[in-house]
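> To convert, count from 1 in the sequence shown and add 1; that's the working numbering.
Cβ coordinates follow ideal geometry from the N, Cα and C atoms, glycine included.
The structure's right below; bear with me while I get my questions together.
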Amino acid sequence: MIDASPEQQAATQRSSRDPEQLRARLEAWLARRLPADAAPRIPEVKSPSGSGMSSETLLFDAHWREAGALRSGCFVARLAPDPADEPIFPVYDLAQQFRLLSLLRETSRVPVPATRWLEQDRAALGTPFFVMDRIQGRVPPDLMPYTMGSWLSEAKPEQQRALQDATVGVLAELHQL
Numbered sequence: 002m003i004d005a006s007p008e009q010q011a012a013t014q015r016s017s018r019d020p021e022q023l024r025a026r027l028e029a030w031l032a033r034r035l036p037a038d039a040a041p042r043i044p045e046v047k048s049p050s051g052s053g054m055s056s057e058t059l060l061f062d063a064h065w066r067e068a069g070a071l072r073s074g075c076f077v078a079r080l081a082p083d084p085a086d087e088p089i090f091p092v093y094d095l096a097q098q099f100r101l102l103s104l105l106r107e108t109s110r111v112p113v114p115a116t117r118w119l120e121q122d123r124a125a126l127g128t129p130f131f132v133m134d135r136i137q138g139r140v141p142p143d144l145m146p147y148t149m150g151s152w153l154s155e156a157k158p159e160q161q162r163a164l165q166d167a168t169v170g171v172l173a174e175l176h177q178l
């Protein structure tokens, strides 16, 4: 494992794609997925800091009209990285990831977000992607100094134990599948 400073983590470039262009294209795409009069708005698209090196991850909130009422949601889009960004894996099967998350949610107690939409047409964002609900919580960064100066090493022993027990529980649930 590589321990990286917060400065090194922040300096790791996750994407060469323009966030404002992604926001506009994602908003236009969502307008085609929702009812005709939904008029969705996505104020901004962000990438999480410190994580998402294996796939490009976009965080966004969306607001729209549905059945005369204002609706909103917090979402995550997962995209294959741009080839210019030096992807980690040779192939990104986002349809398979989408199906797996959907099946896990439907058939197990493994805590996974609800999957919303799978888009395999590259025209929308330049690459296939899927959208899932965003769940609030703490996501370990890709280059975390686990042994010192991190939220894990600085957590209280009972918090560390709770994380350990929850992790073992999820692994046991996955093993049963």
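Using the C-alpha atoms, what's the distance from W152 back to V169?
Whole-angstrom Cα-Cα distance: 19 Å.
> What would DSSP say about F76, mapped onto helix, strand or coil?
In this structure, F76 counts as strand in the three-state DSSP scheme.
> To test your reading of the DSSP string, which unbroken beta strand (DSSP E) runs of 3 or more residues are found completely within the region 131-171?
Counting whole runs of 3 or more residues, the region 131-171 contains no beta strand (DSSP E) stretch at all.
> What do you get for V46, buried or exposed, if any count of 16 or more other CB atoms within 10 angstroms of its CB means buried?
Buried is the call here.
> Classify L126: buried if its beta carbon has 16 or more other beta carbons within 10 angstroms, exposed otherwise.
Counting Cβ neighbours within 10 Å, L126 comes out buried, since at least 16 surround it.
> Mapping the DSSP letters down to three states, classify E174 as helix, strand or coil.
E174: helix per DSSP, three-state reduction.
> Would you tell me roughly how many angstroms separate the C-alpha atoms of L60 and S50, rounded to the nearest one?
Using only the alpha carbons, I get a separation of about 11 Å.
> Tell me the rounded alpha-carbon separation between R24 and L172.
Approximately 35 Å between the Cα atoms of the pair.
> Helix, strand or coil: which one does DSSP assign to D62?
Strand at D62.
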